[in-house]
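Asks: Please find one structure pasted underneath; my questions will follow.
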Amino acid sequence: MKPSLGERVFSVFNSILLTLIGLSTLLPFIHVVAKSFSSDVYVISGQVGIWPLGFNIEAYKFAFKNTPILIAFKNTAFVTFVGTCLALIISSAAAYSLSLPNLYGRKLLMYFFVFTMFFNGGLIPSFLLMRSLGLMNNLWSLILPHLLVVYNMILIKNYFEGLPDSIRESAMIDGASNITIYSRIIMPMSKPILATIAVFSAVGFWNSYFNAMLYLSDPKKITLQLFLVNLVRQADLMDSINSEIIVPPDTVRAVSVVIGTVPILLVYPLMQEHFVKGITMGSVKG
Amino acid sequence: MSKKRNRGGLYYVIHNWDLYILLLPGILLTILFKYVPIYGIIIAFKDFKIFDGFWGSPWVGLKHFNRVFSDSYFYLVLWNSFIISVYKLVWIFPMPIILSILLNEVRNIYFKRTIQTVVYLPHFLSWAVVYGIFYALLSNDGPFNDILAMLGMKRIPFFVTPRVFRGVLVATDAWKSVGWGTIIYLAALTSIDPELYDSSKIDGANKFQQVIYITLPGIMSTVIVMLVLRLSSLLNAGFEQIFIMYNPTVYNVADVIDTYVYRTGLGRQEFSYASAVGLFNSVVSFILIILSNALARRYSGRSIW
């Protein structure tokens, strides 16, 4: 059917509206990127819009030389990489066992895990626990509590349950052990869900701020998000740093926002195909 | 298979011991980092001092709870948690629904995908980054205040003005989460039979009528389930966001239960009092989750687990 006049008007209006929404999402970020590449005069006088004025990379050089941003980057990368790998292994292993309908104690185990989604000890007991474990100022304090995220485990379990039973049965007949079936057959077949969960946990580890603030005070253990928040909060942080080039705090802030975001922007196209699948799979299920 | 099951649990466990090995790391981590802190809640009923330790601290019964419930500041943070959460619910909840309906009407697949790619992105940024971005945008000489000045209005120091701070919380949360929120509704929209639209067109329905009579009813069950599930976080105003963005000048309007627990517990070292506040929060959240899930199940036969 040919679109009527009304439909065409709507369509144009709709496209304009959506474009505006898209722009309002992008422009704030672009503004910060522009600032990070602008020279100080323009930044201080607040003239930078969405295009760098007096383009230069001095602020980046300054940030890498005079602030702990490299250490922060390294620590965050460590937590993200180790955390994501271990979380995938531990969650999928548990998910495999729980995906078997005959597993003895399955229902009880599910209650055991699911209960922790709805009730938790809260901040103070968790903090005291971390202290008595001697994990203060240890990057593992950011990793260990998040290796088994129940929600992610359930997503993996649901995926495993959707795989055909016959595969497991014929492997059993060939004498394969459960661990062999899990690691050699089920895991390679489940790359889509594992990629989805890897993305979600990597982003979670990369972005985690509060636990880092709670458990890490040693400047050598600083993470990127911690560094970023400290930087935005302390307007006069720069005064304490001796340097010949004085870069305005606003520019250094912009630089750290960009550095904190770029890794996510880089993997974003890769993960996009996965996360939509992931979330619709995990959405309220029947 | 069924024969095996009949021989009892022990037989199964012995013959499938390796399944339990696979479960072991997850179980141990869950006990250590989830159940041990739950057990640790008992310090809310003790007078916990670091040097007396967990076991050495004396029991004091409901002393801390009596203090909590007679503390007027506690009611302030309770109110703040609730009202910020309600503001977010009222403003933000409808937005993904509208946005997904608009997106669904786009015929050009490339345009649609581009917009989707853009609006999903902020979901993946940390609150620290979002704070950095909006700190630049909303600062006194930032673009937003420039626009206000251009319109002849006074510049507003957004992050330190109690009158607008809750608005800042709602707006930044919307910026971060609305796009991502469309995914679930877009999925629901694909299940609407396209023939309904074609036949309604023949009957002379316009776009607006189609949305009211076909699209909305088509996703209504999803909307209701999402709404009910959202109710379970009625006391959850968005801890990390507020913790990163707030400051003493806006405590009156933005200090929420979790930030209060943090400051009394770890700032002022009143571990037991803060745990009592935290326990109150955990219990109320637990009840809300159970209730909302029961409602969702009753309404649609679906539930979160």
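Quick mapping for you: the protein sequence lines, in order, are chains A and B.
For any residue, its number in my numbering is found by taking its place in the first sequence, counting from 1, and adding 14.
For any residue, its number in my numbering is found by taking its place in the second sequence, counting from 1, and adding 7.
Where a beta carbon is used, it is the ideal one built from N, C-alpha and C, also for glycine.
(1) Could you tell me the distance, in whole angstroms, from the CA atom of R237/B to the CA atom of A178/B?
(2) If contact is defined by three or more beta carbon pairs under 8 angstroms, each pair taking one atom from either stretch, is the stretch 125-144 of chain B in contact with the stretch 233-245 of chain A?
(3) Could you tell me if H71/B is buried or exposed, where buried requires 16 or more neighbouring beta carbons within 10 angstroms of its beta carbon?
(4) So which residues of chain B does F92/A contact, with C-beta pairs closer than 9 angstroms?
(5) Exposed or buried, what is T197/B when buried is set at 16 or more other beta-carbons lying within 10 Å of its beta-carbon?
(6) In terms of alpha-carbon separation, which member of L144/B, A51/B, F89/B, I191/B lies closest to I138/A?
(7) What residues of chain A sit near N288/B, judged by a beta carbon separation below 8 angstroms?
(8) Could you give the DSSP three-state label for N89/A: helix, strand or coil?
(9) Give the residues of chain B in contact with N28/A, contact being defined as C-beta atoms less than 8 angstroms apart.
(10) To which residues does DSSP link K53/B through a beta bridge?
(11) My understanding is that D78/B touches P65/B, with C-beta atoms under 8 angstroms, so please give their C-beta distance in whole angstroms.
(12) Thinking just about the alpha-carbon of each residue, which of T121/B, G15/B, V218/B is nearest to the one in T39/A?
(13) Counting only the same chain and skipping the five closest in sequence on each side, list residues whose C-beta sits under 6 angstroms from that of E202/B.
(14) For N221/A, which of T189/B, T222/B, E247/B has the nearest alpha-carbon?
(15) With a 10 Å radius around its C-beta and 16 neighbouring C-beta atoms as the bar for buried, classify I219/B as buried or exposed.
(16) Alpha helix (DSSP H) containing S239/B: first to last residue?
(17) Helix, strand or coil: which one does DSSP assign to L37/A?
(18) Hey, out of I57/B, N23/B, Y18/B, whose CA is closest to R275/B's CA?
(19) Compare the C-beta of S184/B against all C-beta atoms of chain A and say whether one is closer than 8 angstroms.
(20) Please indicate yes or no: does the CB of M160/B lie closer than 7 angstroms to some heavy atom of the ligand GDP?
(21) In three-state DSSP terms, what is S59/A?
(22) So F219/A and T98/A are in contact, right, with Cβ under 8 angstroms, and what is the actual spacing, rounded?
(23) Take every Cβ of the stretch 130-137 of chain A, pair it with every Cβ of the stretch 280-298 of chain B, and state whether three or more of those distances are shorter than 8 angstroms.
(24) Determine the extent of the alpha helix (DSSP H) in which A77/A is found, giving its start and end residues.
(25) Would you say K41/B lies against chain A (beta-carbon separation less than 8 angstroms)?
(26) I need the DSSP call for P262/A, collapsed to helix, strand or coil.
(27) Three or more beta-carbon pairs under 8 angstroms between the stretch 248-263 of chain B and the stretch 112-128 of chain A, yes or no?
(28) Closer than 8 angstroms by beta-carbon distance: list the chain B residues that pair up with T39/A, in chain order.
(29) Who are the near neighbours of V84/B in its chain, counting only those whose CB is closer than 6 angstroms to its CB and skipping five residues on each side?
(30) Using the three-state DSSP reduction, which class does A5/B fall into: helix, strand or coil?
(31) Please check if any C-beta of chain A sits within less than 8 angstroms of the C-beta of N213/B.
(32) Could you work out which residues of chain A lie near G274/B, taking near to mean beta carbons separated by less than 7 angstroms?
(33) For N353/A, count neighbouring C-beta atoms within 10 Å of its own C-beta (all shown protein chains included) and say buried if the count is 16 or more, exposed if not.
(34) Relative to the alpha-carbon of I273/A, which residue among I103/A, V46/A, R145/A, S113/A has its alpha-carbon at the smallest distance?
(35) D200/B lies in the alpha helix (DSSP H); which residues open and close that run?
(36) Does the beta carbon of V298/A come closer than 8 angstroms to any beta carbon on chain B?
Replies: On the basis of the supplied data:
(1) 18 angstroms
(2) yes
(3) buried
(4) Under the 9 angstroms cutoff, chain B gives no residues; its nearest Cβ is about 17 angstroms from F92/A.
(5) exposed
(6) A51/B
(7) G136
(8) helix
(9) L109, E112, V113
(10) W66/B
(11) No, D78/B and P65/B are not in contact; Cβ-Cβ is about 22 angstroms, not under 8 angstroms.
(12) T121/B
(13) none
(14) E247/B
(15) exposed
(16) Here S239/B belongs to no alpha helix (DSSP H), and DSSP marks it neither H nor E.
(17) helix
(18) I57/B
(19) no
(20) The ligand content of the structure shown is nil, which means the ligand GDP is not present either.
(21) coil
(22) 6 angstroms
(23) yes
(24) 72-80
(25) yes
(26) coil
(27) no
(28) V125, V126, L128, P129, W182, G186
(29) D262, V263, I264, Y267
(30) With chain B represented from 8 up to 312, any question about residue 5/B goes unanswered, as that position is not in the structure.
(31) yes
(32) Here the premise fails: no neighbours, minimum Cβ distance about 12 angstroms.
(33) Given that chain A is displayed from residue 15 to residue 300, the structure contains no residue 353/A and the question cannot be resolved.
(34) V46/A
(35) First-last for D200/B: undefined, no H or E at that position.
(36) With a pLDDT of only 39 at V298/A, under 50, the local geometry of the prediction cannot be trusted, and no value is derived from it.
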